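Q:
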Amino acid sequence: MVFGEPVTRRVVTVTGSGVRTAGNWDVPLGILASDLIAQAGGYQPDIARLVFGGPMGGFALATDEVPVTKAANCLLALAAKDAPVEPLPMPCIRCGKCAEGCPVELQPQQMLWDARAGDFERAEKQDSLFECIECGICSAVCPSHIPLVQYFRFAKTEIWQREREHEKSSLARERFEFRNTRTERDKQEREAMLAQKRAQLAAQKASESPAGGSSASEAAPDDKQRAIAEAMARAKARKDAAQAEKLAAPPKDEDTSA
Ligand code: SF4
Ligand code: SF4
1 MVFGEPVTRR
11 VVTVTGSGVR
21 TAGNWDVPLG
31 ILASDLIAQA
41 GGYQPDIARL
51 VFGGPMGGFA
61 LATDEVPVTK
71 AANCLLALAA
81 KDAPVEPLPM
91 PCIRCGKCAE
101 GCPVELQPQQ
111 MLWDARAGDF
121 ERAEKQDSLF
131 ECIECGICSA
141 VCPSHIPLVQ
151 YFRFAKTEIW
161 QREREHEKSS
171 LARERFEFRN
181 TRTERDKQER
191 EAMLAQKRAQ
201 LAAQKASESP
211 AGGSSASEAA
221 PDDKQRAIAE
231 AMARAKARKD
241 AAQAEKLAAP
251 PKDEDTSA
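What the sequence shown shows, in our numbering, is residues 1 to 258, in sequence order.
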């Protein structure tokens, strides 16, 4: 974003002895290097190498079917006479020339060691990898022809990739924890609602019972006691009636003698 606007175009310098018309071209991002070269009049017959990013910090392209990105400031087409075969890299001899030439006063040989060992944390935190401006001077002055700046780009890309993965996993964990919290909250709300409903039903049942406010379970013992008392009264009445009948009846012996 620049001034609140997304970057969709950029000016790219197309130059070198391998292209017909050198110049600056305002092109949309994503245009192929081959189309850019076509705009510049095409290749010279002795084209030997295509470099994206300038003579010092640039990197050679294996094909021109690659898109222009917002970081691509220059496309360098070199004829055979300007593109000698690069010697094979040799081991670092700790001469310190890379550190002497670094405009940011970094220790490129140490960052190289970190990148080769895969110790990206040390490269970032201790050796200030991200202060490297990728100017390519260290690579140019190295007597062992080590492509130092390529190692630094690789290390930065690895660190960014790991950060992205870490962010993704953190986001996934946060979403998982939020889901668990939401599920638990829904469960508690459901239980509270059911308990409230049960209480309402119990209150409604109690108000509808004949005891007029007392619950059915409270009315039951009174009914039972009343029934027992009535049964006992009936039994006593039957017993009293039987006894009175017995007393009113004449004795059997008196009847036979008469
Ligand atoms: S210039 Fe090359 S050989 Fe010398 S210290 Fe740096 S990386 Fe090693
Ligand atoms: S590429 Fe980085 S480490 Fe190498 S000289 Fe430039 S700023 Fe220093």
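Just so you know, even glycine gets a beta-carbon here, dropped at the ideal spot from N, CA and C.
Every value quoted in this text rests on a predicted model; they were computed, and no experiment measured them.
Is there at least one non-hydrogen atom of ligand 3 closer than 6 Å to the beta-carbon of I146?
A: The model depicted lacks ligand 3 and carries ligand 1 and ligand 2 instead.
Q: Measure the alpha-carbon distance for F130 versus R116 and round it to whole angstroms.
A: Stepping through the sequence shown from its first residue, residue 130 is reached at position 130. Stepping through the sequence shown from its first residue, residue 116 is reached at position 116. Between F130 and R116, the C-alpha separation is close to 16 Å.
Q: With a CB to CB cut of under 7 Å and the five nearest residues on each side skipped, what residues in its chain are close to V149?
A: Counting from one through the sequence shown, the residue named residue 149 turns up at place 149. Closer than 7 Å at Cβ, skipping near neighbours: G57, E134, G136, C138, S139.
Q: Please name the residue in S144, V19, E167 whose C-alpha comes closest to that of G96.
A: Working through the sequence shown from its first residue, we reach residue 96 at position 96. Out of S144, V19, E167, S144 has the C-alpha closest to the C-alpha of G96.
Q: In angstroms with no decimal places, state the Cα-to-Cα distance between A62 and P45.
A: Counting from one through the sequence shown, the residue named residue 62 turns up at place 62. Counting from one through the sequence shown, the residue named residue 45 turns up at place 45. Looking at the two C-alpha atoms, the distance is approximately 18 Å.
Q: Less than 6 Å separating the Cβ of E65 from some heavy atom of ligand 2?
A: Position 65 of the sequence shown, counting from 1, holds the residue named residue 65. Checking every heavy atom of ligand 2 against the Cβ of E65, none is found closer than 6 Å.
Q: With DSSP as the reference, please indicate the residues paired to W113 in a beta bridge.
A: Here the question's residue 113 lines up with position 113 in the sequence shown. DSSP output for W113 lists no bridge partner at all.
Q: Return the CA-CA distance between C132 and V104, expressed in angstroms with no decimal places.
A: Here residue 132 refers to the residue found at position 132 when the sequence shown is read from its first residue. Here residue 104 refers to the residue found at position 104 when the sequence shown is read from its first residue. C132 and V104: Cα-Cα distance of roughly 7 Å.
Q: Is there at least one non-hydrogen atom of ligand 2 closer than 6 Å to the beta-carbon of I137?
A: Locating residue 137 in the sequence shown gives position 137, where the first residue counts as 1. For ligand 2, at least one heavy atom lies less than 6 Å from the Cβ of I137.
Q: Give a single yes or no on whether P143 has its beta carbon closer than 6 Å to a heavy atom of ligand 2.
A: As a working mapping, residue 143 is identified with position 143 in the sequence shown. Checking every heavy atom of ligand 2 against the Cβ of P143, none is found closer than 6 Å.
Q: Can you tell me whether DSSP reads G42 as helix, strand or coil?
A: As a position in the sequence shown, residue 42 is number 42, starting the count at 1. Of the three classes helix, strand and coil, the one that applies to G42 here is coil, per DSSP.
Q: First and last residue of the beta strand (DSSP E) that includes A202?
A: Stepping through the sequence shown from its first residue, residue 202 is reached at position 202. That residue, A202, is in no beta strand (DSSP E); its alpha helix (DSSP H) goes 148–208.
Q: Would L36 and V14 be called neighbours here (beta carbons separated by less than 7 Å)?
A: As a first step, residue 36 is located in the sequence shown; it is residue number 36 there, counting from the start. As a first step, residue 14 is located in the sequence shown; it is residue number 14 there, counting from the start. Closer than 7 Å, so yes.
Q: C98 and C142: beta carbons closer than 7 Å?
A: Residue numbering aside, residue 98 sits at position 98 when the sequence shown is read from its first letter. Residue numbering aside, residue 142 sits at position 142 when the sequence shown is read from its first letter. Yes, these two residues count as a Cβ contact at 7 Å.
Q: Should C74 be counted as a contact of ligand 2 given a C-beta to heavy atom distance under 6 Å?
A: Mapped onto the sequence shown, residue 74 falls at position 74. No, since every heavy atom of ligand 2 falls outside the 6 Å radius drawn around the Cβ of C74.
Q: Report the rounded CA-to-CA distance for D186 versus A195, giving the unit in angstroms.
A: Indexing the sequence shown from 1 puts residue 186 at position 186. Indexing the sequence shown from 1 puts residue 195 at position 195. Those two C-alpha atoms are separated by around 14 Å.
Q: Grab me the residues of P87's own chain with a C-beta within less than 7 Å of its C-beta, minus the 5 sequence neighbours each way, in chain order.
A: On the sequence shown, residue 87 is found 87 positions in, with the first residue counted as 1. Correct list, in chain order: H145.
Q: Please determine whether the Cβ atom of P108 lies at a distance below 6 Å from any heavy atom of ligand 2.
A: Translated into positions along the sequence shown, residue 108 becomes position 108. Answer for P108: yes, Cβ within range of ligand 2.
Q: Rounded to a whole number of angstroms, what is the C-alpha to C-alpha distance between K168 and N180?
A: Residue 168 sits at position 168 when you count from the first residue of the sequence shown. Residue 180 sits at position 180 when you count from the first residue of the sequence shown. Roughly 18 Å between the two C-alpha positions.
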